[in-house]
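Participant: Chains as they are written, first to last, in the numbering used here: chain A, 1 to 446; chain B, 447 to 694; chain C, 695 to 1019; chain D, 1020 to 1308.
Even glycine gets a Cβ: it sits at the ideal position worked out from N, Cα and C.
Remember, predicted model here, so these are calculated numbers, not experimental data.
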């Protein structure tokens, strides 16, 4: 029977399918330009670009959850300046080229008034120049954490509403400085976020403690490597006391599982990860239907800047409760920040009284805002949020069996936002000179 | 007169197998020589060695006095040695015209022209059309070769050989797979090349009728070596050949 | 008979090309900014696919590493623009010269091999270029690549042309791609092009026609790589930021699919394939995240039903028609 | 380099090599017999890994997954061979690549549809957890299990091909399809069988690799490129070649990471380029027509 499908039949069928598939959108594409709406009743279009597939897809998914929840709340409460919000999400596949294409599509085709996005700093760096030169739209970043985005690559359209990895690293150095360990090394993904994360940590730590040494033997596997066993044995061979890991998402999970087999966590005295142990890793490392976890206790993490049980304020608890009711799982860090950023837009637009990009930018500079967990201020000069950063460590928690694998981050302490942010003069100097950050000297790629 | 082609102790071994074993032969200009011998006697390997397709293990090949043993096939062709293959070996998806045009371009050293359109080289075009006329395929010049009959494909092969204007032509079973009429045509054609154009021809052929009717000289190979070499009537009379090859 | 037909065909072709050019020139007047940007990228990919196909469809060599020349063109241009001087013309030249050199060095080794081994060796070299672009971070910016490549003004004599606008860059791309495509087309119709086709058909026989086959392969390789470099050079200021991903082998696979979709044995086949491939990817991925299912199904259907590609199929039909009359 | 480091890295390399070998041998076998370059082999590998996740999730047993997931992959292999590959035997290599790449895209999205876009993880059986002493160093039991499985599969393939009647039929069909048909061998059935066996190997590789890494959508392309490199280094169609190729690549990856980790991503390509420049048809390869 299969042979009965002749070429002619195929052409006929594909012709029909082809006309409807290609012809329809073509006509639409021709007639429709970007509809930039100024009218009071037109919705405000906010486009999001995240990694919805690939090794960090959980992080993109979280951004989608958080921002959708905020948008729905705002719309139910009457919108912004009486206008509803419409969201649209695009998948950057953790590829800067795809990210750029999607950003263009959102602004030029769909007509986005505002943008937000980026899980990966690599993608963010690829798209940010387009904002200024071609798209003329603001973009709020809730996740991608490399400081370069707001220094060397800065332009007025980019804002980060989330602590960057300099802040998180400075916070971790304060904790590590109190530890007795002197020999530190790193395993991190080989791109800006991985470098800056470790660089910020170790440069602060060596400033605080002159006896601390950064080992020459370091591990810089590329993003989405898949097999870390040789890096693990290599690091173990260097006999470090402390290991800092800027791996995140699926990379961290893979690493953790492999490291466990080699007794890695027993062999190093301190293990710190700024973003590796976020909510998604807890859930991925859960075994036995969530009754146990493959993750050991006592690993330090900042959960990339937010852990849903902290701070234990009413506001945060209520929000986490709402989130769980809606999605059936606790909020991921990126869900928290993506939720927050929609409200940032609301506040800034209302402050400006218009959705005109330049006015909203002006309104946002220096603006204070609240997320469910934190109070933050956007620093005027570099558009980087000043924010507290939590650090805690993993501990068994039988009451959290299920999604989290009976583990939590405990004894979370916040370091104060004003103390850990990169000094403004450094930022401005680096921006002017387009220089590499000074901490690159701590990165040894072997 | 100095021989046009000369092999000196030419040897080719594949592992332990001596495909061609210390073969020393002289070929005179204008002569039509046939090489015969049972399968595996080393005839095709000898052709491959002369045309540069395989490299000799030992020995030398001289053409017009020059050592060509180590030259690449294309250099050997440029010296004036053409070859027609046993199995039809054309450019199947190119047209008849293009198949003949490529060797014309090659001979006129016009192949490296990057930007001139192919229709613009008038003398090449005329030459190509002339050869198509000679082989009688002018009518079919726009047809791709894979759409031709077997006989026509052999004609294109000969057209290619003409286009190269060789001094010496190696013909590997030119009548293979042909019917009696086509074979006669081919014989006439080969003889024409030899007599009218004064092309030296070396021929590998299984059809003894063809061999004995057109050859000036016959060389008999067996197990990589030459066992007999002489005029057709001498070969016919040679006892060793009968024993080793004709088998009666 | 022969002549009259070729004149008619020639006339038709002339009008066809003129019409297509006119349409391309008018694009920014009728289409939205998004589609102009999209058309710019499409033109760049058309050049990428066409120059790739000089090696693939014409010479019969499947390269799986052409992203290397594309990305060298892009990095050369991008580096020059952002580090040395904002001169577009010089930057393009630098990018193109570098891709020429790299194509020559790599091609020298690759053209000795055939078929899948050739493909794998080009893949290997392509990935080495990828690794170098990735790991030489002091020069290339490492995994982050070059961020914020400027699109400078372009000065000829007294006139200054602004390329930072969307239509401005579109026209620059159109002119450069137009010139390159014309050159490639002439090459494909030249004696050299005919030799390439005969190499594709039977590379061993070509040697026995007195042609140094490998040199022609190398020639095709270098021309192909260099024009890919031009595409890359256009791509860098177009994207404003480039990362090593553009040298990964998946980028090398794109022109392969584009060429096969459009038809490798017709000059403009890859151009049609490139446009269609990008269009499908963009349109389907706009409707559903599961765009790969559709693209996969289309690819499979193509292989089973239309192995000659779209233009290949059409020209087969035309030829059959002509032969029939 | 001290003894412990050497042994650790050698065993790491061997683990890596054995997962690679199991996949690459299937790829090479399919090419050797069917003359099809099957990119979709990577998809079958990925499916094996995802099935391993699903079966351990449903039935709570890694062993169950180890037995049944490869069988399901073999069944899928049969479907692919019958309905997609069979109509196009003998087409040009580029079209094979295009076709099988189409299958990769299809399968990727089907996996996305069923399992979502997040990465997943699989745990080995408890018996295999933890480390044990091997050649004087503590080494993960599971990795040792993978090494043993790889060697076992090598023997299994050797045994099947050279000692069984079916194996002889397979070899006959691979050397000359028409002659084999003339000898009364049902060639299409042999082809299906070989494709299914190759798919089984890919699936098995997937199950074995699943606990070693996280499962994500890019698994297929990553793997297929590595497997291809191994097969080309060894010589297309050669099983011993696939073994040597895997071994070389595994060790190069391991020791390369120790000494030149900066250029880790280029290792396999440098190796392949060197091999191909010196031996244009791979270490054990013959010229293909």
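Is the Cβ-Cβ distance between residue 1098 of chain D and residue 1056 of chain D less than 8 Å?
Facilitator: As a position in the fourth chain, residue 1098 of chain D is number 79, starting the count at 1. As a position in the fourth chain, residue 1056 of chain D is number 37, starting the count at 1. No. Outside cutoff.
Participant: Run through chain C and tell me which residues come within less than 7 Å of residue 523 of chain B, C-beta to C-beta.
Facilitator: Residue 523 of chain B sits at position 77 when you count from the first residue of the second chain. Neighbours of residue 523 of chain B on chain C, chain order: 902, 903 and 904.
Participant: So what does DSSP say about residue 581 of chain B, is it helix, strand or coil?
Facilitator: One-based indexing of the second chain puts residue 581 of chain B at position 135. Coil, per DSSP.
Participant: Just list the alpha helix (DSSP H) runs in the region 552-623 of chain B, keeping only unbroken ones of 4 residues or longer that don't cross its boundaries, in chain order.
Facilitator: Complete alpha helix (DSSP H) runs here, min 4: 568-580 and 596-610.
Participant: Just to confirm the assignment, what range does the alpha helix (DSSP H) spanning residue 90 of chain A have?
Facilitator: Here residue 90 of chain A is taken as the residue at index 90 of the first chain, counted from 1. From DSSP, residue 90 of chain A is part of no alpha helix (DSSP H) but of the beta strand (DSSP E) over 85-91.
Participant: Among the residues of its own chain, which have a CB less than 7 Å from the CB of residue 1006 of chain C, if the five just before and after it don't count?
Facilitator: Translated into the one-based positions of the third chain, residue 1006 of chain C becomes position 312. Cβ neighbours of residue 1006 of chain C beyond the five flanking positions: 957, 959, 960 and 963.
Participant: Would the region 1263-1270 of chain D count as touching the region 776-794 of chain C if we require 3 or more Cβ pairs under 8 Å?
Facilitator: With the cut-off at 8 Å, the region 1263-1270 of chain D and the region 776-794 of chain C do not touch.
Participant: Given a limit of 7 Å on CB to CB distance, which residues of the region 798-809 of chain C reach chain D?
Facilitator: Hits within the stretch, in order: 803, 806, 807 and 809.
Participant: For residue 935 of chain C, go through chain A and note every residue whose CB falls closer than 8 Å to its CB, in chain order.
Facilitator: Within the third chain, numbered from 1, the residue matching residue 935 of chain C stands at position 241. What residue 935 of chain C touches in chain A: 96, 100, 125, 126, 127, 128, 129 and 130.
Participant: Exposed or buried, what is residue 777 of chain C when buried is set at 16 or more other beta-carbons lying within 10 Å of its beta-carbon?
Facilitator: Sequence index remark: in the third chain, residue 777 of chain C carries index 83 (1-based). The residue is exposed, with fewer than 16 neighbouring Cβ atoms inside 10 Å.
Participant: Whole beta strand (DSSP E) runs in the region 267-322 of chain A with 3 or more residues, listed along the chain?
Facilitator: Taking only runs of at least 3 residues, the beta strand (DSSP E) segments lying wholly in the region 267-322 of chain A are 270-273.
Participant: What number of angstroms, rounded off, separates the C-alpha of residue 1015 of chain C from the C-alpha of residue 892 of chain C?
Facilitator: Position 321 of the third chain, counted from the first residue, corresponds to residue 1015 of chain C. Position 198 of the third chain, counted from the first residue, corresponds to residue 892 of chain C. Per-residue confidence for residue 1015 of chain C stands at a pLDDT of 49, beneath the threshold of 50, marking its modelled position as unreliable; the derived number appears in the next sentence. About 25 Å.
Participant: List the DSSP bridge partners of residue 541 of chain B.
Facilitator: Here residue 541 of chain B corresponds to residue number 95 of the second chain, with the count starting at 1. BP columns for residue 541 of chain B point to B:590.
Participant: What first and last residue would you give for the beta strand (DSSP E) that runs through residue 139 of chain A?
Facilitator: By 1-based counting over the first chain, the position of residue 139 of chain A is 139. Taken as a continuous stretch (DSSP letters only), the beta strand (DSSP E) holding residue 139 of chain A covers 139-141.
Participant: Where do the N-terminal and C-terminal ends of the alpha helix (DSSP H) with residue 393 of chain A fall, by residue?
Facilitator: Counting from one through the first chain, the residue named residue 393 of chain A turns up at place 393. Per DSSP, residue 393 of chain A belongs to no alpha helix (DSSP H); it is in the beta strand (DSSP E), 389-396.
Participant: Given residue 1028 of chain D, which residues of its chain have a CB within under 6 Å of its CB, disregarding the five upstream and five downstream residues?
Facilitator: As a first step, residue 1028 of chain D is located in the fourth chain; it is residue number 9 there, counting from the start. Excluding sequence neighbours, residue 1028 of chain D sits near 1273, 1274 and 1277.
Participant: Using 8 Å as the Cβ pair cut-off and three pairs as the minimum, do the region 501-511 of chain B and the region 448-463 of chain B touch?
Facilitator: Flag = yes, the region 501-511 of chain B and the region 448-463 of chain B touch.
Participant: Going by the beta-carbon positions, is the gap between residue 273 of chain A and residue 245 of chain A smaller than 8 Å?
Facilitator: Locating residue 273 of chain A in the first chain gives position 273, counting from the first residue. Locating residue 245 of chain A in the first chain gives position 245, counting from the first residue. Result yes, Cβ atoms of residue 273 of chain A and residue 245 of chain A sit closer than 8 Å.
Participant: Using the C-alpha atoms, what's the distance from residue 387 of chain A back to residue 270 of chain A?
Facilitator: Position 270 of the first chain, counted from the start, is the residue given in the question as residue 270 of chain A. Position 387 of the first chain, counted from the start, is the residue given in the question as residue 387 of chain A. About 25 Å.
Participant: With distances taken from CA atoms, which of D:1221, D:1281, D:1298 and D:1211 is nearest residue 1054 of chain D?
Facilitator: Locating residue 1054 of chain D in the fourth chain gives position 35, where the first residue counts as 1. It is D:1211 whose Cα lies nearest to the Cα of residue 1054 of chain D.
Participant: So which residues of chain A does residue 1272 of chain D contact, with C-beta pairs closer than 7 Å?
Facilitator: Locating residue 1272 of chain D in the fourth chain gives position 253, where the first residue counts as 1. Those are 230, listed as they occur along chain A.
Participant: Quick one: give me the first and last residue of the alpha helix (DSSP H) that residue 166 of chain A is part of.
Facilitator: On the first chain, position 166 is the one that residue 166 of chain A refers to. Here the alpha helix (DSSP H) through residue 166 of chain A covers 165-177.
Participant: Going along chain C, which residues have a C-beta under 9 Å from residue 1127 of chain D?
Facilitator: Locating residue 1127 of chain D in the fourth chain gives position 108, where the first residue counts as 1. Per Cβ cutoff of 9 Å: 986, 987 and 990.
Participant: Nearest CA to the CA of residue 1180 of chain D: which residue from D:1039, D:1258 and D:1119?
Facilitator: Here residue 1180 of chain D refers to the residue found at position 161 of the fourth chain. Residue D:1258 is the option with its Cα nearest to residue 1180 of chain D.
Participant: Taking only runs that begin and end inside the region 770-834 of chain C, name each unbroken alpha helix (DSSP H) of 4 or more residues, in chain order.
Facilitator: The qualifying runs are 782-804, 809-829 and 831-834.
Participant: Tell me whether the beta-carbon of residue 1033 of chain D lies closer than 8 Å to the beta-carbon of residue 1119 of chain D.
Facilitator: The residue you call residue 1033 of chain D lines up with position 14 of the fourth chain. The residue you call residue 1119 of chain D lines up with position 100 of the fourth chain. No. Outside cutoff.
Participant: Only counting the same chain, and skipping five residues up and downstream in sequence, which positions put a Cβ closer than 7 Å to that of residue 324 of chain A?
Facilitator: Within the first chain, residue 324 of chain A is the residue found at index 324, counting from 1. 330.
Participant: With H, G and I counted as helix, E and B as strand and the rest as coil, what does DSSP make of residue 407 of chain A?
Facilitator: Residue mapping note: residue 407 of chain A aligns to position 407 of the first chain, counting from 1. Reduced to three states, the DSSP call for residue 407 of chain A is strand.
Participant: List the residues that DSSP assigns as beta-bridge partners of residue 413 of chain A.
Facilitator: The residue given as residue 413 of chain A occupies position 413 in the first chain. BP columns for residue 413 of chain A point to A:391.
Participant: List the DSSP bridge partners of residue 1157 of chain D.
Facilitator: Translated into the one-based positions of the fourth chain, residue 1157 of chain D becomes position 138. DSSP lists D:1152 as partners of residue 1157 of chain D.
Participant: Residue 709 of chain C: buried (16+ other C-beta within 10 angstroms of its C-beta) or exposed?
Facilitator: By 1-based counting over the third chain, the position of residue 709 of chain C is 15. Exposed: under 16 other Cβ atoms inside 10 Å.
Participant: Taking only beta carbons into account, state which residues of the region 558-582 of chain B come closer than 8 Å to chain C, listed in chain order.
Facilitator: Listed in sequence order: 558, 559, 560, 561, 562, 563, 564, 567 and 570.
Participant: If you scan the region 1182-1249 of chain D from start to end, which runs of the alpha helix (DSSP H) of 4 or more residues do you find wholly inside it?
Facilitator: 1184-1194, 1196-1201 and 1206-1228, all fully within the region 1182-1249 of chain D.
Participant: Tell me the rounded alpha-carbon separation between residue 965 of chain C and residue 741 of chain C.
Facilitator: Here residue 965 of chain C corresponds to residue number 271 of the third chain, with the count starting at 1. Here residue 741 of chain C corresponds to residue number 47 of the third chain, with the count starting at 1. So the two alpha carbons sit approximately 8 Å from each other.
Participant: With a CB to CB cut of under 8 Å and the five nearest residues on each side skipped, what residues in its chain are close to residue 1191 of chain D?
Facilitator: Along the fourth chain, one-based indexing puts residue 1191 of chain D at 172. Cβ within range, chain order: 1198, 1199, 1202 and 1204.
Participant: In the region 748-772 of chain C, which residues sit with their C-beta less than 7 Å from some C-beta in chain E, listed in chain order?
Facilitator: The structure shown has no chain E; the protein chains it does contain are A, B, C and D.
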